[in-house]
Amino acid sequence: MSPPEARRPNIVMILTDDHAAHAISAYGSVVNTTPRIDEIARLGLRFDNCFATNSLCSPSRASILTGTYSHVNGVTTLVTPIDASQPTFVSALKAAGYRTAMIGKWHMGDGPGHNPEDFDYWDVLIEQGEYLDPNFLDKSGLRQVTGYATDIITDLALTWIAAGEGPYCALIYHKAPHRPWIPPAAFDDRYNDPVPLPPTFGDDYATRTSSARRAAMRIAEHLTLEDLKEPPPDGLSYDEEALWKYQRFMRDYLRCVDSVDDNVGRVVDFLRERGDFDDTLLMYASDQGFFLGDHGWFDKRFMYEESLRMPLVMSYPRRVVPGVVTEMVTNVDWAQTILEAAGVPAHPRMQGRSFWDLTTFERDGVYYRYWEHDDVFHKAPAHYGYRTARYKLIYFYNDGMGIPGCGWGTYPPEWELYDLVADPAELRNVYELPEYRAIRAELKVAMWREQARVGDQPHPSQPRPVGA
1 MSPPEARRPN IVMILTDDHA AHAISAYGSV VNTTPRIDEI ARLGLRFDNC FATNSLCSPS
61 RASILTGTYS HVNGVTTLVT PIDASQPTFV SALKAAGYRT AMIGKWHMGD GPGHNPEDFD
121 YWDVLIEQGE YLDPNFLDKS GLRQVTGYAT DIITDLALTW IAAGEGPYCA LIYHKAPHRP
181 WIPPAAFDDR YNDPVPLPPT FGDDYATRTS SARRAAMRIA EHLTLEDLKE PPPDGLSYDE
241 EALWKYQRFM RDYLRCVDSV DDNVGRVVDF LRERGDFDDT LLMYASDQGF FLGDHGWFDK
301 RFMYEESLRM PLVMSYPRRV VPGVVTEMVT NVDWAQTILE AAGVPAHPRM QGRSFWDLTT
361 FERDGVYYRY WEHDDVFHKA PAHYGYRTAR YKLIYFYNDG MGIPGCGWGT YPPEWELYDL
421 VADPAELRNV YELPEYRAIR AELKVAMWRE QARVGDQPHP SQPRPVGA
């Protein structure tokens, strides 16, 4: 990627919610095709190892915006709102003369101090928002807009871009394909043939810790009537009902993705018609990954690959040579990368690393922490860990797992270790195997050092050794 030129790039980030990389054909999907997202990848870069540092909607969005980890920006869970006055890549772009807009799913709190700041224009859904006839909040107040959310968000964004001059930064943030997966009626004829099952659908969790086995995210047991839209047929066995639920869930999920893909195409076509496409840093991504029946689950939260991995494709024809990036990057890195592309200095508080110059970008591993230990719906326990190119170490510290009234006991801390070369599907926890003893010791030290480097504190159950 080349240095900034006289014409500053426009910045357009299209962010979706819960769009798994393995439901994008550019990433090799076997369940659907996404030609317009693929077009961005073909004309730009596809990042094969982009990871969330906290696989949850609000925390990931805060990290993307601020270039900081959850413990720094304060958005650790779904219910910890953002202090919207803190420095962001948008505030830096605005100070440098960019027009700025935020349209769609904000989901980091609302009201004074939490509404979007440093945007010339903002128009956002309330909390999760609705798919049909959604409510929007802007500076003038709350209103209901008739139509389908994905289409409306795109309409609002393109109208705003067209109304002004000069370089702009537009964040186009969709609700889709988030639960409860309500697609547009026009797509009712799609995915009526059986969708292939993921190879790990029948994972029995035999080598996993109890921390993973307790999660209430099983397609067979935890999808609701609101998710499924209709009850399963009578007379099905447990396994037959699980397969029926998977097909019903995937049908709606993939139809929502198709609507997103169509709207990505609308943005690309609009930029071309304006003559802006070649001079626009256009990013398509999701705020985290998602389990699509992998390991029998839906949802995210865990540090396992399907949840941890974020799709990220990025084009900028004037300055980016197409290709595939295998280096490990994180959502904390995006802010500084965008600012370097625009020739705008990053705020010193930002903790990521710009990957604009990939010739010098190297990383040994990434640090992850999921904080929401008191979620009574999904029961995914709090944990942190460290991922390298080959290994993944996870520490479930189980803080708060004895919450009164939840029917949970109090559980001890637990470790998991995966060899991603020998076991890319993460079916075999090798933490206790003697041949991995030296590896796990090295990974613990590397994890503690990275934890200290980013300013996070270890859980009291496993304090960081002196010198680590």
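In the numbering used here, the protein residues as written are 1 to 468.
Think of the CB as a built atom: it goes at the ideal place given N, C-alpha and C, for glycine as much as any other residue.
Three-way DSSP call (helix, strand, coil) for residue i in this model
i: residue 253; result: helix
i: residue 71; result: helix
i: residue 296; result: helix
i: residue 170; result: strand
i: residue 136; result: strand
i: residue 415; result: strand
i: residue 498; result: No information on residue 498 is available, as it lies outside the stretch 1 to 468 that the chain covers here.
i: residue 365; result: strand
i: residue 10; result: strand
i: residue 383; result: strand
i: residue 480; result: Outside the displayed span of the chain (1 to 468) sits residue 480, for which this structure offers no information.
i: residue 144; result: strand
i: residue 339; result: helix
i: residue 437; result: helix
i: residue 246; result: helix
i: residue 312; result: strand
i: residue 323; result: strand
i: residue 46; result: strand
i: residue 123; result: strand
Whether residue i touches residue j by CB criterion (9 Å)
i: residue 15; j: residue 452; result: no
i: residue 219; j: residue 293; result: yes
i: residue 56; j: residue 288; result: yes
i: residue 258; j: residue 183; result: yes
i: residue 73; j: residue 309; result: no
i: residue 95; j: residue 307; result: no
i: residue 371; j: residue 382; result: yes
i: residue 456; j: residue 71; result: yes
i: residue 391; j: residue 420; result: yes
i: residue 441; j: residue 67; result: no
Top-ranked residue by Cα proximity to residue i, from the options
i: residue 364; options: 180, 244, 44 and 447; result: 447
i: residue 209; options: 461, 418, 434 and 462; result: 418
i: residue 185; options: 131, 112 and 360; result: 131
i: residue 369; options: 393, 389, 347 and 348; result: 393
i: residue 314; options: 36, 154, 31 and 120; result: 36
i: residue 243; options: 198, 172 and 335; result: 198
i: residue 127; options: 65, 98, 156 and 82; result: 82
i: residue 47; options: 348, 416, 169 and 329; result: 329
i: residue 42; options: 384, 241, 320 and 255; result: 320
Sequence-distant residues of its chain with Cβ nearer than 6 Å to residue i (five each side left out)
i: residue 304; result: 426
i: residue 253; result: 177 and 181
i: residue 356; result: 1, 337, 340 and 341
i: residue 362; result: none
Through-space distance from residue j to residue i, alpha-carbon basis
i: residue 352; j: residue 432; result: 33 Å
i: residue 17; j: residue 175; result: 6 Å
i: residue 86; j: residue 234; result: 54 Å
i: residue 454; j: residue 77; result: 18 Å
i: residue 19; j: residue 123; result: 22 Å
i: residue 135; j: residue 245; result: 30 Å
i: residue 113; j: residue 350; result: 20 Å
i: residue 162; j: residue 273; result: 11 Å
i: residue 543; j: residue 345; result: Because the chain spans 1 through 468 in this model, residue 543 falls outside it and cannot be assessed.
i: residue 360; j: residue 91; result: 27 Å
i: residue 323; j: residue 200; result: 30 Å
i: residue 343; j: residue 261; result: 30 Å
i: residue 341; j: residue 221; result: 46 Å
i: residue 179; j: residue 466; result: 44 Å
i: residue 93; j: residue 290; result: 31 Å
i: residue 216; j: residue 379; result: 6 Å
i: residue 29; j: residue 23; result: 5 Å
i: residue 373; j: residue 190; result: 38 Å
i: residue 54; j: residue 227; result: 24 Å
i: residue 331; j: residue 236; result: 42 Å
i: residue 232; j: residue 204; result: 23 Å
i: residue 367; j: residue 40; result: 28 Å
i: residue 139; j: residue 120; result: 10 Å
i: residue 265; j: residue 38; result: 10 Å
i: residue 13; j: residue 97; result: 18 Å
i: residue 9; j: residue 280; result: 5 Å
i: residue 144; j: residue 171; result: 21 Å
Cβ-based neighbour list, residue i, same chain, cut-off 8 Å, excluding 5 preceding and 5 following
i: residue 413; result: 395, 396, 397, 398, 459, 461 and 462
i: residue 116; result: 84, 102, 106, 122 and 124
i: residue 407; result: With a pLDDT of 46 at residue 407, under the threshold of 50, the modelled position of this residue cannot be trusted, and the question is left open.
i: residue 33; result: 25
i: residue 202; result: 296
Contacts around residue i, its chain only, beta-carbon distance under 7 Å, and the 5 residues preceding and following it disregarded
i: residue 468; result: 445, 448 and 449
i: residue 194; result: 247
Cβ-heavy atom distance, residue i to the ligand MN, below 8 Å
i: residue 293; result: In the structure on display, the ligand MN does not appear, and there are no ligands present to speak of.
Contact with chain D by residue i, beta-carbon distance below 9 Å
i: residue 246; result: Reference to chain D is not applicable here, since this structure consists of a single protein chain.
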